[in-house]
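Numbering (this note's numbering), first residue to last: 63 to 175. All residues carry an ideal CB built from backbone N, CA and C; glycine is no exception.
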């Protein structure tokens, strides 16, 4: 399965809508998108993972890297995920303590840093 990416602006946040699988083959595409957004000055990102079917350690690494990039600019990276199989990965790895995880894009955009 491939990875689909689209971006849009909601308020002062840039929402990256991700669909498909984030794995060793597709994660570089997501990494490029996050790097490009930060280089363009978008420091408050919301990664909408509602359409993600699979996430591996490479994908987790890309998300952590994205978080480090935005934090270097006093920014934020919030995740939108409500699928139990994906949430379980964040719980097992302890990344629920690192990433703010929301149930919807509206909730993530409304959250304050």
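Could you spell out the range, first to last residue, of the alpha helix (DSSP H) harbouring residue 152?
Here residue 152 refers to the residue found at position 90 of the chain shown. Its alpha helix (DSSP H) spans residues 146-155.
Under the three-state DSSP convention, the category residue 119 falls into
The residue you call residue 119 lines up with position 57 of the chain shown. Helix.
For residue 157 and residue 150, the rounded distance between their alpha carbons
In the chain shown, counting from the first residue as 1, residue 150 sits at position 88. In the chain shown, counting from the first residue as 1, residue 157 sits at position 95. The alpha-carbon atoms of residue 150 and residue 157 are separated by roughly 10 Å.
Report yes if the CB atom of residue 115 is closer than 8 Å to the CB atom of residue 82, and no otherwise.
Start at 1 with the first residue of the chain shown, and residue 115 comes out as number 53. Start at 1 with the first residue of the chain shown, and residue 82 comes out as number 20. Yes; because the gap between Cβ atoms is below 8 Å, this pair is in contact.
Have a look at 98, 64, 169 and 67 and flag the residue whose alpha-carbon is nearest the alpha-carbon of residue 127.
For this step, residue 127 is matched to residue 65 along the chain shown. Looking at the Cα atoms, 98 is the closest of the given residues.
According to DSSP, residue 71 sits in a beta bridge with which residue or residues?
Here the question's residue 71 lines up with position 9 in the chain shown. Residue pairing of residue 71 in beta bridges, as defined by DSSP: 76.
Assigned secondary structure, residue 103 (DSSP; H/G/I helix, E/B strand, else coil)
To locate residue 103, count along the chain shown from 1; it is residue 41. Correct three-state label for residue 103: coil.
Beta-ladder partner(s) of residue 135, from DSSP
Here residue 135 refers to the residue found at position 73 when the chain shown is read from its first residue. In DSSP, residue 135 forms no bridge with anything.
Going straight from the alpha carbon of residue 164 to that of residue 124, what length do you get?
By 1-based counting over the chain shown, the position of residue 164 is 102. By 1-based counting over the chain shown, the position of residue 124 is 62. Near 19 Å, if we compare the C-alpha coordinates of residue 124 and residue 164.
Hey, residue 92 and residue 132: beta-carbon distance below 8 Å or not?
What you label residue 92 is simply residue 30 of the chain shown in a count that begins at 1. What you label residue 132 is simply residue 70 of the chain shown in a count that begins at 1. For residue 92 and residue 132, no; Cβs fall outside 8 Å.
Express the C-alpha separation of residue 120 and residue 89 in angstroms, rounding to a whole number.
As a position in the chain shown, residue 89 is number 27, starting the count at 1. As a position in the chain shown, residue 120 is number 58, starting the count at 1. For residue 89 and residue 120, the distance between alpha carbons rounds to 6 Å.
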